[in-house]
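Mind the numbering: the sequence shown is residues 402 to 670 in this note's numbering, read in order.
Accompanying notes for the structure given below.
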Amino acid sequence: MLSHTTSDPLDDIEFLARSEHRVTALAALAEGPQSRADLQTLTGASASTIGRTLREFEHRRWSKRDGHRFEATQLGTFVASGLQDLLDRIETEHTLRDVWQWLPTEESGFTLEMGTDAVVTEATVTDPYGPVNRFVSLLRETDRFRFVGFDVALLEPCKDELSRRITGGMHTEIIDPPSVARYILSTYAEHCSEPLESGNLVVRLHDDLPSYGISLFDDRIGISGYNPDSGTVQVFLDTDAPVAREWAESTYDSYRRDARPLALETPVD
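Dropping the structure here:
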């Protein structure tokens, strides 16, 4: 007979992790009563496998039987909830594993939890402009756009689209390093004149901006991470998570408070 208590919590984790159907079955039982047939349908496991799984759950006091139906005990629900939290964390880690080094550091207030459910677009050999294209798709859907950080690699490839959106009525505020503003104004004067004259574009200057970029759209926020060796956008992460929006708004406002307006009649220095 199986003992109610295993020798180590890792034993229970190993028991669940060894078979995906155990995780699915426990989660289903935590949601409400299930029959053996229900669990077979949900997991794709055989009747004998479901029978063994339910016996293991009952020995651990994770489930109980009521007639022909089974449901999780309070202990089982507790384990199922914690396991789902762990799976969500691992899924987020997998999503960010190859790009986290390009994202804001924890000291900035950004946390990896903000990347949960985010759309992460990474530059690849076959699609080097994937992050920029994702940014443009969001730019086309917003009526207000704000940006702070290093923006040349992000905005330069889509300068025509950005200019059209601004002159078409998109209210835009960009906080740039002076050197970047100087480069943009001198290199793309024809792209800058009409947007600046439209009254829809405000440019501010800040001498100490982060190496990443923060984009604020109507419904989502985006973070652009740059490869300093290539000067290209390595990743663009965007999300509608409230906690990420709060962080982006707060960070943007903190830089805006110390920024100065761009004075076109004087040199940018």
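Ideal Cβ positions, reconstructed from N, Cα and C, are used throughout, including at glycine.
Using the Cα positions of residue i and residue j, report the straight-line distance between them to the nearest angstrom.
i	j	result
Thr667	Arg583	In this prediction, Thr667 scores a pLDDT of 47, lower than 50, which makes its location untrustworthy; the coordinate-derived value is nonetheless stated afterwards. Spanning the two alpha carbons is a distance of roughly 11 Å.
Ser631	Ser447	53 Å
Phe471	Arg437	8 Å
Pro662	Val603	8 Å
Glu432	Ala426	10 Å
Met402	Arg461	With a pLDDT of only 42 at Met402, under 50, the local geometry of the prediction cannot be trusted, and no value is derived from it.
Ser655	Thr442	53 Å
Leu440	Asp409	27 Å
Val669	Gln485	Caution applies to Val669, whose pLDDT of 47 falls short of 50 and renders its modelled position unreliable; the value that the coordinates give is listed next. C-alpha separation (whole angstroms): 52 Å.
Ile624	Asp659	21 Å
Val537	Asp552	13 Å
Pro578	Glu492	36 Å
Thr633	Ser587	21 Å
Going by the CB atoms, is the gap between residue j and residue i shorter than 8 Å?
i	j	result
His469	Thr444	no
Thr652	Arg621	no
Gln635	Glu523	yes
Gly570	Gly614	no
Leu610	Ile576	yes
Pro558	Tyr530	yes
Leu540	Phe546	yes
Val521	Thr496	yes
Leu617	Ala664	no
Asn601	Thr573	yes
Looking at C-alpha atoms only, which residue of the options is the closest neighbour of residue i?
i	options	result
Glu459	Thr442, Thr478 and Gln441	Thr478
Thr517	Ala448, Ile567, Val533 and Leu487	Leu487
Trp503	Asp561, Leu539, Pro532 and Leu476	Pro532
Asp619	Val500, Pro643, Val424 and Thr633	Pro643
Leu430	Asp413, Ala473, Asp412 and Trp463	Ala473
Glu677	Ala664, Asp659 and Leu638	Examination of residue 677 is not possible in this model, given that the chain is present from 402 through 670 alone.
Arg490	Thr512, Asn628 and Ser564	Thr512
Arg565	Ala645, Asp608 and Pro596	Pro596
Arg657	Pro629, His607 and Gly626	His607
Ala645	Gly510, Ser587 and Asp544	Gly510
Note the first and the last residue of the continuous alpha helix (DSSP H) segment covering residue i.
i	result
Ser538	Gly531 to Leu540
Val644	Pro643 to Asp659
Gly452	Ala448 to His460
Arg605	Not the alpha helix (DSSP H): Arg605 falls in the beta strand (DSSP E), residues Leu602 to Leu606.
Ala438	Arg437 to Thr444
Glu508	Element bounds for Glu508: n/a, residue is neither H nor E.
Tell me where the beta strand (DSSP E) around residue i begins and ends.
i	result
Asp477	The question names Asp, but residue 477 in the sequence shown is Gly. Counting along the chain, Gly477 falls outside any beta strand (DSSP E), though it belongs to the alpha helix (DSSP H) covering Gln475 to Leu497.
Asp639	Thr633 to Thr640
Arg466	Ser464 to Asp467
Val521	Val520 to Glu523
Leu617	Gly614 to Leu617
Counting only runs of 4+ residues fully inside the segment 546 to 594, write out the alpha helix (DSSP H) ranges in chain order.
-> Here the runs fully enclosed are 553 to 556, 560 to 568 and 579 to 588.
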